[in-house]
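Q: Residue 1539, in the working numbering, is where the sequence shown stops; the numbers in between run on with no holes. Cβ coordinates follow ideal geometry from the N, Cα and C atoms, glycine included.
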Amino acid sequence: VEWLKKSYQGGGMWKTFESNWGDFNVETYYKLHPGTSAEAVGTKLADIQHAHNQYDKDSKYSLQPMLDLHLHEPDGSAPGLQTVRILGLAGILLMLIACINYMNLSTARSSGRAREVGLRKVVGAKKGQLLTQFMIETAVVFVIAFGLAVLFAGLLLPWCNEIADKNLRLDWSNPQIAGLFGGAMLVTLLLSGLYPALVLSAFQPLQTLKGNVFSSKGGASFRKVLVVTQFVFAIGLIVSMLVIGGQLDFMRKKNLGFDRENVFTFGLTGDMMKHREAILRELSAQPGIKAVTSASNNLLNAASSTGDTDWEGKTADQQMIVGPISIAPELLSFFKMELVEGEGFTGTKADSTRFILNEEAVRQTGLQPPVVGKRFKLWQTEGTVAGVAKDFHFRSLRQKISPAVFFSQPRRHWYFYVKTTGQEAAQAVTSAETIWKKYESAYPFESRFMDDSFDRMYRKEQRVGQLFRAFGVIAIFISCLGLFGLSAFTAEKRVKEIGIRKVLGASVTGITGLLAKDFLKLVVVAILIASPIAYFFMQKWLADFAYRIDIQWWMFAAAGAAALAIAFLTVSFQSVKAALANPVRSLKSE
């Protein structure tokens, strides 16, 4: 607070920091007594605001719990929470795919233990005892898998921390972490182990001892359903990966309405503001620096806003919230911003009563062309419109372009923009730091290129994209592991048929196609089911962006083609192996 008081550049109505009731650029935290109504406190704060600012009778205060700051926006929306839910759902889908694999392979191989079950039942084993035995066997496998999972989690945690920009660690003394791992193991054990155990323990001893082992159509159909289900999950993740990647690429290439290439920024302290003009001159004279300008805000994220405006022809029911940005006269040409009407600032005293509106502000005011020369008021400054700027993005692409007003008050220009030649960017930053240290020794120099700032604005989306790419690869890998096992089992069961076909002249290609087509049909069904589901969820994710891509048909086609190609290669490996086997051996054994 003391630093804010010291650095405050008072002017106009608000001479000191304590008396400023017109700006909303400071975050304030309130500790409420237990049981206090946040809504009631907000109402009282609004009353205080209105009592001290005669020009503001409409502002409202809405208190937000600190627990909600990370995942919720002040307006109540929760894009962060939605991202957490999407990633959580992706993790659950991966776990389900793995469970399906275990169920599929266990039931497919169940015939191999049919005689064992029959003999145990003949000598008096009960179904419950067999069920317990098979569940214990599964539990042993899962304990080993759990140990490996913990090992891999520790190895992959640094990579996850790098993506998430966090410093997470596996603290086994934390009951939540221990409970999460233990709960995940228990749930997967029940999901994947219970059904195979029930199938095995249900074999009839008379039938199994006669050789009539479990191979019912019902069991085969259930395995097909499981294969389709896991590929639905995998294809859905691939489609999500393509959509998220497309949206990120769209944002990177989106024309913001100004040229940010090779521009870095830094802000001045209160003491440095006294030497603002001298700093501008010294920066402009440095090698590697093409131009320098200044403003009151960061053009990438101009967070300040006000509704204290008036204009020619305004009606009683009209209200407009604008983003006010004070700019230097050369800023428009510096960023190659276009004027669709009028002119920019001239650098004279007359600029103090002239305003430049963006196109969205003109639309919301309803000012009819020619707009230049029309009366406009910002806060307590009466003036006229000097020009109309083409719309530009001065906030996140999640939001629609909102009204903006350029005005001229050099005492507010604490934000500097420096355009470099590109090749000499590092030298330009060093020169700026040298000048900074000449005028400011108490605070370190901090600069950032606008391209880097732009990337940081969408770092969360980039993280989601990276994670979905990883999830998609893992999902396909796990699904194909199951497909590999099932195709091997199918080839083993049909070894006599394959031998007869080869003797009768069937080619390797023909046998491979015969064995692969049944599995590929299941993948096609999965594509048809996964496409509308993925479309629905990705439309909900894209709804958070005011400017977004359209989901294209090729995304589903690419995901489907990738799944089919990988599935075909997986199945073909076992199919070709079976087709190349010597038919004499398989027929001789019969």
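First and last residue of the beta strand (DSSP E) that includes Ser1480?
A: No beta strand (DSSP E) contains Ser1480, which is instead part of the alpha helix (DSSP H) from 1457-1491.
Q: Can you grab the Cα-Cα spacing for the pair Glu1231 / Ser1380, in whole Å?
A: 9 Å
Q: With a threshold of 16 other CB atoms inside 10 Å of the CB of Val1413, please say whether the residue is buried or exposed.
A: buried
Q: So, at 7 Å on beta carbons, what are the nonlocal neighbours of Cys1429 in its own chain, with the 5 sequence-adjacent residues on each side left out?
A: Sequence-distant partners of Cys1429 (beyond 5 residues in either direction) whose C-beta falls short of 7 Å from its own C-beta, in its chain, are Ile1515, Ala1516, Thr1519.
Q: Any idea if Leu1585 is buried or exposed, counting beta-carbon neighbours within 10 angstroms, 16 or more meaning buried?
A: Beyond the ends of the chain as shown, which are 950 and 1539, falls residue 1585; an answer cannot be given.
Q: Check each candidate in Trp1260, Arg1405, Ala1251, His1362 and name the one with the smallest Cα separation from Thr1330.
A: Trp1260
Q: Any idea what DSSP makes of Phe1101, helix, strand or coil?
A: helix
Q: CA-CA distance, Leu1491 and Leu1327?
A: 35 Å
Q: Check each candidate in Lys1489, Phe1215, Leu1147, Phe1207 and name the one with the smallest Cα separation from Lys1339.
A: Phe1207
Q: Take every Cβ of the stretch 1403-1411, pair it with every Cβ of the stretch 1251-1260, and state whether three or more of those distances are shorter than 8 Å.
A: In short, these stretches do not touch, since the Cβ pair count stays below three.
Q: Considering Cα atoms alone, identify which of Phe1426, Lys1223, Lys1526 is closest to Gly1448.
A: Lys1526
Q: Tell me the DSSP secondary structure of Asp1017 in three-state form.
A: helix
Q: Any idea which residues DSSP pairs Val1367 with across the strands?
A: Phe1213, Val1241
Q: Helix, strand or coil: how does DSSP classify Trp1260 here?
A: Strand.
Q: What is the C-beta distance between Leu1229 and Ser1243, in whole angstroms, given that I count them as a contact (C-beta under 8 Å)?
A: Their Cβ separation, rounded to whole angstroms, is 7 Å, which keeps Leu1229 and Ser1243 in contact under 8 Å.
Q: Of all the options Asn1050, Ala1047, Leu1186, which has the alpha carbon lying nearest to the alpha carbon of Ala1557?
A: This structure gives no information on residue 1557, because the portion of the chain shown stretches from 950 to 1539.
Q: Taking the alpha-carbon of Ala1146 as reference, which of Leu1100, Phe1182, Gln1196, Gln1082 has the nearest alpha-carbon?
A: Gln1082
Q: Going by CA-CA distance only, name the one from Gly1315, Ile1046, Ala1455, Ala1088 that's closest to Val1422.
A: Ile1046
Q: By Cβ distance, which residues of its chain are closer than 8 Å to Lys1166, with the 5 residues on each side in sequence left out?
A: A caution first: Lys1166 carries a pLDDT of 49, below 50, which makes its placement in the model too unreliable to give a value.
Q: Are the beta-carbon atoms belonging to Gly1272 and Val1337 less than 7 Å from one another?
A: Going by C-beta atoms, Gly1272 is not nearer than 7 Å to Val1337.
Q: Leaving aside the five residues before and after Arg1397 along the sequence, list all residues of the same chain whose C-beta is less than 7 Å from its C-beta, in chain order.
A: If we look at Arg1397 and ignore the five residues flanking it on each side, its Cβ neighbours are Phe1213, Thr1214.
Q: Starting from the Cα of Pro1236, find the closest Cα among Val1090, His1021, Val1378, Gly1315 and give me that residue.
A: Val1378
Q: Can you list the alpha helix (DSSP H) stretches of 4 or more residues lying completely in the stretch 1334-1393, in chain order?
A: Counting only runs of 4 or more, we get 1374-1388.
Q: Would Asp1300 be called buried (16 or more neighbouring beta carbons within 10 Å of its own) or exposed?
A: So Asp1300 counts as buried.
Q: Pull up the CB-CB distance for Gly1030 and His1021, whole angstroms please, since I reckon it's below 8 Å.
A: Looking at the sequence provided, one finds Leu at residue 1030 rather than Gly. At roughly 7 Å, the Cβ-Cβ gap stays under 8 Å, so Leu1030 and His1021 are in contact.
Q: What are the residues that DSSP puts in a beta bridge with Ile1276?
A: Ala1244
Q: Starting from Arg1324, trace the alpha helix (DSSP H) both ways and give me its first and last residue.
A: Taken as a continuous stretch (DSSP letters only), Arg1324 belongs to no alpha helix (DSSP H), being part of the beta strand (DSSP E) at 1324-1327.
Q: Locate the beta strand (DSSP E) running through Arg1303, then write down its first and last residues.
A: 1303-1307 is the extent of the beta strand (DSSP E) around Arg1303.
Q: In or out: His1019 buried (at least 16 other Cβ within 10 Å) or exposed?
A: exposed
Q: Go through its chain and collect everything with a Cβ distance to Arg1069's Cβ below 7 Å, but skip five positions before and after it.
A: Hits under 7 Å: Leu1079.
Q: DSSP three-state label for Val1271, please.
A: strand
Q: Using only CA atoms, which one of Arg1209, Leu1469, Leu1346, Gln1488 lies nearest to Phe1199?
A: Leu1346
Q: Only counting the same chain, and skipping five residues up and downstream in sequence, which positions put a Cβ closer than 8 Å to that of Leu1106?
A: Leu1117, Arg1118, Leu1119
Q: Please determine, among Leu981, Leu1038, His1362, Pro1124, the residue with the shortest C-alpha to C-alpha distance to Phe1486.
A: Leu1038
Q: Rounded to the nearest angstrom, how far is the Cβ of Ile1460 from that of Gly1509, given a contact under 8 Å?
A: Not really, about 25 Å apart at Cβ, beyond 8 Å.
Q: Out of Gly1073, Tyr1010, Leu981, point me to the one whose CA is closest to Phe991's CA.
A: The sequence shown places Gly at residue 991, rather than the Phe named in the question. The option with the nearest alpha carbon to Gly991 is Tyr1010.
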